[in-house]
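Remarks on the structure that follows.
Protein chains: 2
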Amino acid sequence: MSSVSRVLSEHPDVSPDMRDRVLAAVGELGYYPNVLAQGLRSQRTMSVGFAASNITNAVLAETAVGAEGELRRAGYGLLLTDAGGDPLQDVANIAMLGRRRVDGILLAHGDERHRRVNACLKQVDIPLVLIDRDPPRGVKIPSVGFDHRSGMRAAAEHLRLLGHRRVAMIVGGPRRAARERRAGVQDVFDRCEILEGDFSIEFGYRAAVELIGRRPRPTALVAGGNTLMHGALRALRDASLTLGADVSFVGCDDVAVAEFHQPQIALVRRRPREAGVRGAQLLIQILSEDGEPENVLLPTWFAAAASCAPPP
Amino acid sequence: MSSVSRVLSEHPDVSPDMRDRVLAAVGELGYYPNVLAQGLRSQRTMSVGFAASNITNAVLAETAVGAEGELRRAGYGLLLTDAGGDPLQDVANIAMLGRRRVDGILLAHGDERHRRVNACLKQVDIPLVLIDRDPPRGVKIPSVGFDHRSGMRAAAEHLRLLGHRRVAMIVGGPRRAARERRAGVQDVFDRCEILEGDFSIEFGYRAAVELIGRRPRPTALVAGGNTLMHGALRALRDASLTLGADVSFVGCDDVAVAEFHQPQIALVRRRPREAGVRGAQLLIQILSEDGEPENVLLPTWFAAAASCAPPP
DNA sequence: GAACCTCCTGGAAAGCTTTCCAGCCACCAC
DNA sequence: GTGGTGGCTGGAAAGCTTTCCAGGAGGTTC
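Okay, structure coming up:
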């Protein structure tokens, strides 16, 4: 047994003869080590959790795929949990992953300001990597995030150059993506009208309905998230407003919702899969204790389109 | 130790006094059992695999979410793998899940005709449930699937009533969804022109380009899958054809791509999340050896829209 | 009072690895 | 020839449960 273990884990203290015999027997018997026993002994399960607030969002799904591939190549399994948007379920899922003894967790939780969630993050003793989320005050957790602010600033600058002065924005719940996007627009329009709610299609709809009802109406609308864009586009369609001509519009993310819109939607874009890959790499680095982990900031950029035009 | 185990697993042979003392100690120490040791002893890991051909597809993501919730409630963890569309990766993922000793696998593989995949399915000894896939010839595997044929037949009937006679169809790779959809259309149009390829946006595009180039041009196009629809819609947009007026169009699935199309897209719809839930239930039933498993067939239905109109 | 039974408890084994350690053999050097 | 060294090997412990089993305590019945 000892020698089998040594052969399979490539321990140097094995004679060539023994190695051959073991490998022959292993091949013949189809033996493969029991991961539970390995985990029990070595105190690592070679599995990591991906705790998503809502994997239905295409951006997060893409992120999960990126992470899964990278982790698989490194020998890790990915345990997926979905909170369906409920912060308390995020907490429950993290606890569940802890009980399952995952070696680490990639976390994209729903609410960065929730007390219970933050209390949980403070006391959890599993290595974490945040995916486009900021840690609670006074806590250091490595993260992979997007530079939403730059992309948004470029979008706002584009609107300003087109002549817009009354710009309204719809932003989501307490998350760094929302804060950054907001800051990006405010870098250019410091008096921008802002409606803040949660990252949902419904709020995107309601907010857009309200904003286009204001008099004078804002000449441009910025939706700070793909779900908010989704809702806002519904509202604009229901109001029979033509994008560009009646009101300019900027959305987020390269999601299918935007592709077939007429006219085409101007977007702040990014590569979500890369966040998954880099997050996995960061976690793997931490788990193998291979140097000090450094936060990663991935770019976003603005892609202009006909939905942005000079104000009427 | 024995008594702790008995208390926590609610074994009847425990005195009330002992139960109280154990629970008090457990509460004080924050003890919780080690799942690896439990799994090692009981030979079940309380985790199941979800082997997806491509989780980026919104329909499959939705299915995964449904399965995850149901499994979580039953105490199972979900190990996700994604093959990125590569059948050999499906095989590798199933093998990996086996090495990880999952109790069962929900399988939505990419290619029902692939020799290596089918060989793998024949000899795998983990309980499987297929998600909208048929087992290889001569193999019995429980499954949850959709009745694509009925929905498609209704769509075709709708086209026939509108007066269409030259109908063309784009279908995907070797999967039951493709066969069923094809059969549904052929139930009505037995001379339907069919292009068969893989379930990809690219093939949807190429196939649509070819079909609308034919003379005389088919008066209606049916895309048998959401990715194929995605590609076909790109082609129709590039060709500046107006749906309904120039050519009628039927797509599949309630995906975002369809929502903002002008005119609205007629669709064969279904509830993908339910497939995940029912698949999980079926697997749980099998794992608890609770009666004979029965295959599940979920409905699809046709939702007419302006993309279908009488032929020009 | 003895025999028997029920209820409960703690010890021990088993589930499968990995790793430490002791020991064996062979070889080298003196 | 002897002592020392290095390379390998196999035994044993540990990692944490669960479950079987033996046995003790206390009650009941004849």
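Read top to bottom, the protein sequences are chains A and B.
Per my numbering, the first sequence starts with residue 1, numbered consecutively.
Per my numbering, the second sequence starts with residue 1, numbered consecutively.
A virtual CB, placed ideally from N, CA and C, is assigned to each residue, including glycine.
Residues bridged to residue i (per DSSP)
{"i": "B:MET169", "result": "B:ILE194 and B:VAL222"}
{"i": "A:ARG214", "result": "A:ARG214 pairs with nothing; no bridge assigned."}
{"i": "A:ILE105", "result": "A:GLY49 and A:LEU128"}
{"i": "B:GLY110", "result": "B:GLY110 pairs with nothing; no bridge assigned."}
{"i": "B:ALA303", "result": "B:LEU267"}
{"i": "B:LEU29", "result": "In the DSSP output, where bridge partners are listed per residue, B:LEU29 has none listed."}
{"i": "B:LEU243", "result": "B:VAL247"}
Cβ shell of residue i (< 8 Å), same chain only, five flanking positions each side left out
{"i": "A:MET18", "result": "SER3 and VAL7"}
{"i": "B:ASP147", "result": "GLU180, LEU297, LEU298, PRO299 and THR300"}
{"i": "B:ARG387", "result": "Limits of chain B in this structure are 1 at one end and 312 at the other, which puts residue 387 of chain B out of reach."}
{"i": "A:ILE212", "result": "PRO218, LEU221, ALA235, LEU236, ALA239, LEU241 and VAL247"}
Heavy atom of the ligand ADP within 7 Å of residue i beta-carbon
{"i": "A:GLN38", "result": "Absent from the structure shown: the ligand ADP. Ligands present: none."}
Burial state of residue i (16 or more Cβ within 10 Å)
{"i": "A:GLU68", "result": "buried"}
{"i": "A:VAL139", "result": "exposed"}
{"i": "B:ARG72", "result": "buried"}
{"i": "B:LEU161", "result": "exposed"}
{"i": "B:PRO33", "result": "exposed"}
{"i": "B:TYR31", "result": "exposed"}
{"i": "A:PRO312", "result": "exposed"}
{"i": "A:LEU23", "result": "exposed"}
{"i": "A:ASP253", "result": "buried"}
{"i": "B:ARG99", "result": "exposed"}
{"i": "B:SER53", "result": "buried"}
{"i": "A:LEU40", "result": "buried"}
{"i": "B:ALA83", "result": "buried"}
{"i": "B:HIS164", "result": "buried"}
{"i": "A:LEU29", "result": "exposed"}
{"i": "A:ARG270", "result": "buried"}
{"i": "A:SER47", "result": "buried"}
{"i": "A:ALA207", "result": "buried"}
Beta-carbon proximity list for residue i, same chain, < 7 Å, skipping 5 on both sides
{"i": "A:ASP198", "result": "GLY172 and GLY173"}
{"i": "A:LEU313", "result": "Missing from the structure shown is residue 313 of chain A; chain A here goes from 1 to 312 and no further."}
{"i": "B:PRO272", "result": "VAL59, GLU62 and THR63"}
{"i": "A:GLY279", "result": "ALA67, LEU106, VAL129, ILE131 and VAL144"}
{"i": "A:ARG188", "result": "With the sequence shown as reference, residue 188 of chain A is identified as Val, and Arg is not the correct amino acid for it. Result list for A:VAL188: ARG153, ALA156, GLU157 and ARG160, in chain order."}
{"i": "A:LEU88", "result": "ARG116"}
N-terminal and C-terminal residue of the beta strand (DSSP E) that residue i is part of
{"i": "B:ARG269", "result": "266 to 269"}
{"i": "A:THR81", "result": "77 to 82"}
{"i": "A:SER248", "result": "248 to 252"}
{"i": "A:VAL277", "result": "Not the beta strand (DSSP E): A:VAL277 falls in the alpha helix (DSSP H), residues 272 to 287."}
{"i": "B:VAL144", "result": "143 to 146"}
{"i": "B:VAL296", "result": "296 to 298"}
Close Cβ partners of residue i (< 6 Å) along its chain, the five nearest in sequence each way excluded
{"i": "A:VAL209", "result": "ALA235"}
{"i": "B:VAL277", "result": "GLY66 and GLU70"}
{"i": "B:ASN118", "result": "PRO136"}
{"i": "B:GLY327", "result": "Because chain B is modelled from 1 through 312, residue 327 of chain B falls outside the range shown and cannot be assessed."}
{"i": "A:ALA183", "result": "ARG149"}
Residue span of the alpha helix (DSSP H) that contains residue i, given as start and end
{"i": "A:SER5", "result": "2 to 8"}
{"i": "B:GLY163", "result": "That residue, B:GLY163, is in no alpha helix (DSSP H); it is neither H nor E in DSSP."}
{"i": "B:LEU71", "result": "58 to 73"}
{"i": "A:VAL35", "result": "35 to 42"}
{"i": "B:VAL185", "result": "176 to 186"}
{"i": "B:ARG116", "result": "115 to 123"}
{"i": "B:ARG99", "result": "87 to 99"}
{"i": "A:GLU292", "result": "That residue, A:GLU292, is in no alpha helix (DSSP H); it is neither H nor E in DSSP."}
{"i": "B:VAL257", "result": "256 to 259"}
**OP:** Could you tell me whether the segment 47 to 67 of chain A touches the segment 50 to 68 of chain B, where touching means 3 or more Cβ pairs closer than 8 Å?
**Re:** yes
Original post:
Counting Cβ pairs closer than 8 Å, one from the segment 151 to 166 of chain A and one from the segment 256 to 268 of chain A, do we hit at least three?
Top reply: yes
Original post:
Are three or more beta carbon pairs between the segment 75 to 90 of chain B and the segment 76 to 91 of chain A nearer than 8 Å?
Top reply: yes
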